[in-house]
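Per full-length UniProt numbering, residue 1 is the first one in the sequence shown, and the count goes up by one each step.
Note that the Cβ used here is the ideal one computed from N, Cα and C, for glycine as well.
Remember, it's a predicted structure, so these values are computed and weren't measured experimentally.
Notes follow the structure.
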Amino acid sequence: MTDKKKKKLPPDALKYQAFQQQREVKRPLLKNCLKAFLVGGFICLIGQLISTFYIYYFNFTEQTAGNPTTATLIFLTMLLTGFGVYDRIGQFAGAGSAVPVTGFGNAVISAAIEHKTEGFILGVGGNIFKIAGPVIVYGVFSAFIVALIKTIILEWGGF
């Protein structure tokens with residue numbers, strides 16, 4: 001807060017701000033960043049191992065192994081979320097577990113689990129994409145725009 005705004009606040013508000021700053025829990029920023037980095041890296045390592053598995057045992061190429069790898073990671077995340085394991089991982093790792101594609105799977109299945117008591121149609125079906133829906137729409141729309149730009153450039157002899 002700037003000094004000008006502090007001067008305009010009543011004395012009680014200033015006292016409360018001082019009290020609040022004294023009681024504020026100091027977060028271990030470096031420790032949290034390290035945990036997020038290590039867990040996010042471990043999730044990516046698992047993804048790389050799955051990709052390698054698809055390449056060697058199912059004759060995928062490096063270019064084509066990405067989609068089944070992503071689907072497998074999302075499936076495993078949904079399974080772990082259903083058993084309550086992924087929530088513990090998320091509590092420990094923070095953004096390290098939310099940034100990879102596994103965070104998307106967790107968001108989808110968490111909404112489904114939360115609303116399952118309302119029934120399959122109105123509960124699960126109506127709420128499953130509440131959090132992940134905008135992400136899907138943005139991704140599809142962005143992919144469409146990029147593909148449109150690429151097509152225009154290639155058709156008009158750009159690059």
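Same chain, Cβ closer than 8 Å to residue i, five either side skipped, listed in chain order
i    : result
I89  : V39, L80 and S97
I136 : F129
Proximal residues to residue i (C-beta, below 6 Å), its chain only, five neighbours per side dropped
i   : result
A95 : A36
T72 : I50
Residue of the options minimising C-alpha distance to residue i
i    : options                   : result
L131 : F141, A143, G139 and S110 : Going by the sequence as given, residue 131 is Ile instead of Leu. Closest by alpha carbon: S110.
L62  : F75, I74, G47 and L76     : Correcting the residue type first, residue 62 is Glu in the shown sequence and not Leu. Of the listed residues, the one whose Cα sits closest to E62 is G47.
Exposed unless 16 or more other CB atoms sit within 10 angstroms - verdict on residue i
i    : result
N106 : buried
A18  : exposed
Y54  : buried
Close Cβ partners of residue i (< 7 Å) along its chain, the five nearest in sequence each way excluded
i   : result
L29 : none
Any chance you could list the beta strand (DSSP E) runs of at least 3 consecutive residues sitting entirely within the region 89-125, in chain order?
With a minimum length of 3 residues, no continuous beta strand (DSSP E) run stays inside the region 89-125.
Going residue by residue through the region 7-47, where are the continuous alpha helix (DSSP H) segments of at least 4 residues, counting only ones entirely within it?
Within the region 7-47, the complete alpha helix (DSSP H) runs of at least 4 residues are 11-23.
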